[in-house]
Amino acid sequence: LRRAGERTVDALWRRMGQLVDLFSAQECANYFRSAGYVIN
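Heads up, the final residue of the sequence shown is numbered 1294 in this note's numbering, and it's a clean run with no missing numbers.
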């Protein structure tokens, strides 16, 4: 995100939305599970 250099909150949220598309739901669930969060 730092490299993207977004300067507004709206631009930052748009960039984050683009980045989320790079990961599958399973990858995200695995990340949270390994970080110790309970997955419903």
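The beta carbon of each residue, even a glycine, is placed where N, CA and C say it ideally should be.
- The beta carbon of F1286 sits closer than 7 Å to those of I1293, all from its chain and outside the five residues before and after it, given in chain order.
- Judged by DSSP in its simplified three-state form, N1284 adopts helix.
- Rounded to the nearest whole angstrom, the C-alpha separation of R1268 and L1276 is 14 Å.
- Counting along the chain, L1276 sits inside no alpha helix (DSSP H), nor does DSSP assign it H or E at all.
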